[in-house]
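A short worksheet on the structure shown next.
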Amino acid sequence: MTKTTAPGKIILFGEHAVVYGQPALAVPVNQVYAEAEVLDIPRAGIWINAPDIRLHEELSRLAPENPLASVISAVYAEIETRKVSSETFDKKYPAEQKPSATYRNEEKPFGSKTGIEIRITSTIPVASGLGSGAAVSVAIIRALSAHLAHPLDDKKVNEIAYEVEKIHHGTPSGIDNTVVTFGKPIFFIKEQPIEVLNVVEPFTIIIGDTGIPAPTKESVNDVRKLWEQNSSKMNTLFATAGSIAKTARQAIEGGYPERLGPLMNENQRILTEMGVSSPELDRLTEASLNVGASGAKLSGGGRGGNMIALSTKENAPTVVEALLEVGAKKVIVTEVQ
Ligand code: PMV
1 MTKTTAPGKI ILFGEHAVVY GQPALAVPVN QVYAEAEVLD IPRAGIWINA PDIRLHEELS
61 RLAPENPLAS VISAVYAEIE TRKVSSETFD KKYPAEQKPS ATYRNEEKPF GSKTGIEIRI
121 TSTIPVASGL GSGAAVSVAI IRALSAHLAH PLDDKKVNEI AYEVEKIHHG TPSGIDNTVV
181 TFGKPIFFIK EQPIEVLNVV EPFTIIIGDT GIPAPTKESV NDVRKLWEQN SSKMNTLFAT
241 AGSIAKTARQ AIEGGYPERL GPLMNENQRI LTEMGVSSPE LDRLTEASLN VGASGAKLSG
301 GGRGGNMIAL STKENAPTVV EALLEVGAKK VIVTEVQ
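Just so we're aligned, residue 1 is where the sequence shown starts under the working numbering, counting upward by one.
In structure tokens, the structure reads:
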């Protein structure tokens, strides 16, 4: 049996603008996570068991575009490629001529008579900006590849998770799969090597869930429409969000997290102009600011899902209470470090 987990995430700064090449900051949220467990079973086939969505089905009976089927198939395809290249390697270096005796792990037979079951559970709310899809993908890729004796490294895990995100979300920046794979605070620019943030002074973020599911694909598409209509205005908004993200990085790496509050408020103003806030998000951000949070904004795709607020550790319970009072469905307090 092989079991792995992958955390949720929040975007601190730069969502949407990141799709257009601007930098963004994201951090993992370990209080919520996806878990994948792979076990050998006596029954033949590759069985997917996802009780949260009441799914118990054999892989070949799912549509190829099913999100779970697509990630599982991508792992098998990657392992097949590795097997083929190591067979070529075997031919090239027969017997003891091999340059290294430890170049390959012992393989578990797949395609043998016994089957496997992949059990997937998650405590991350879906379509809420907390990276649920990416976390499920990453947990499956790690557990399945390890179970098949071909554990993949973070770079490859991230690559596969990104390919799967592309199937389902159209034009993702890749920030979700990257922060979830590496499990560290990151400064992220699309298609650039990742940079891990050096958090000098830990700080407290409170995450409030509007309880309204909002598919990221839709808000990303709507932002694109606005960009097509008025690219110069939108490019200016994106560039401002990008420079906020850069300033925020300096505050985090310089040990001045209290400077993040006004930057969050400024980023929220820009996201509102992009048309991705909502009355519920506004109600929660306002409630947190009214009781002393120094900054608040939506996080992720927007329209619903989650917002975040910056608070001192001491004032966190007051912010939590205020959010619940105005209708937050769930509140998480997380320490960024
Ligand atoms: O998946 P979400 O809702 O956390 O949003 C991802 C952030 C966006 O910038 C809106 C989209 C993207 O691909 O970066």
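A virtual CB, placed ideally from N, CA and C, is assigned to each residue, including glycine. If you're wondering where the values come from, they're calculated on a predicted model, not measured in any experiment.
At what residues does the alpha helix (DSSP H) containing residue i begin and finish?
i    : result
E325 : 316 to 325
K190 : Note, K190: premise wrong, no alpha helix (DSSP H); not H, not E.
K246 : 231 to 254
V136 : 132 to 147
L271 : 260 to 273
S288 : 279 to 290
E159 : 154 to 169
N66  : Careful: N66 lies outside any alpha helix (DSSP H) and carries neither H nor E.
Do you know how far the Cα of residue j is from the Cα of residue i?
i    : j    : result
E77  : V200 : Looking at the sequence provided, one finds Ala at residue 77 rather than Glu. Distance between the alpha carbons of A77 and V200 is about 41 angstroms.
P262 : N290 : 14 angstroms
A251 : A139 : 32 angstroms
G14  : I41  : 45 angstroms
A63  : V164 : 14 angstroms
G223 : V71  : The question names Gly, yet the displayed sequence has Val at residue 223. Each residue's Cα considered, the two are about 27 angstroms apart.
N158 : L324 : 35 angstroms
N198 : E253 : 5 angstroms
K156 : Y256 : 34 angstroms
P213 : G302 : 10 angstroms
P172 : R61  : 28 angstroms
S277 : H16  : 12 angstroms
I175 : I194 : 9 angstroms
A306 : D282 : Before going further, note that residue 306 is Asn rather than Ala in the sequence given. The straight-line gap from Cα to Cα measures roughly 11 angstroms.
L12  : H150 : 34 angstroms
P125 : S73  : 24 angstroms
P99  : V75  : Summary for P99: the model assigns pLDDT 38, below 50, so the residue's position carries little reliability, and this model does not support an answer.
H147 : A24  : 34 angstroms
P7   : L55  : 22 angstroms
V326 : I207 : 14 angstroms
T181 : A135 : 8 angstroms
T121 : S137 : 11 angstroms
K3   : E57  : 20 angstroms
Y103 : T285 : Here the model assigns Y103 a pLDDT of 29, short of 50, so the residue's position is not dependable, and the following value carries that caveat. For Y103 and T285, the distance between alpha carbons rounds to 53 angstroms.
S219 : E37  : 33 angstroms
W47  : R119 : 8 angstroms
Got a sec, what are the start and stop residues for the beta strand (DSSP E) residue i sits in?
i    : result
P7   : 2 to 13
P28  : 24 to 41
V333 : 330 to 336
D209 : 203 to 209
L310 : 306 to 311
T121 : 115 to 122
I48  : 46 to 50
S299 : 295 to 299
Buried or exposed: residue i, going by 16 or more other Cβ atoms within 10 Å of its Cβ?
i    : result
K9   : buried
S128 : buried
E107 : Bear in mind that a pLDDT of 45 at E107, under 50, signals an unreliable position, so the model cannot answer this.
I53  : exposed
N105 : Reliability fails at N105, whose pLDDT of 35 lies under 50, so the model's placement of it is uncertain and no value is given.
Q22  : buried
D153 : exposed
M1   : exposed
A101 : At A101 the pLDDT is 31, less than 50, meaning the model places this residue with poor confidence; the figure from the coordinates comes in the next sentence. It counts as exposed.
P28  : buried
Q97  : Residue confidence for Q97 is low, a pLDDT of 48 falling below 50, so the modelled location carries little weight; the figure read from the coordinates is stated next. Classification of Q97: exposed, given that the 10 Å Cβ count is below 16.
E321 : exposed
P109 : Here the model assigns P109 a pLDDT of 47, short of 50, so the residue's position is not dependable, and the following value carries that caveat. Burial call: exposed.
S86  : exposed
P185 : buried
S232 : exposed
E266 : buried
T178 : buried
Measuring from the CB of residue i, is there a heavy atom of the ligand FAD at a distance below 7 angstroms?
i    : result
G211 : In the structure on display, the ligand FAD does not appear, and the ligands it does have are the ligand PMV.
Stretch-stretch touch, CB-based, cutoff 8 angstroms, three pairs: the region 25 to 44 with the region 283 to 297: no
Touch test, the region 225 to 245 against the region 259 to 273, Cβ-Cβ under 8 angstroms, three pairs minimum: yes
Segment contact, 8 angstroms Cβ cut-off, at least three pairs: the region 136 to 152 with the region 313 to 320: no
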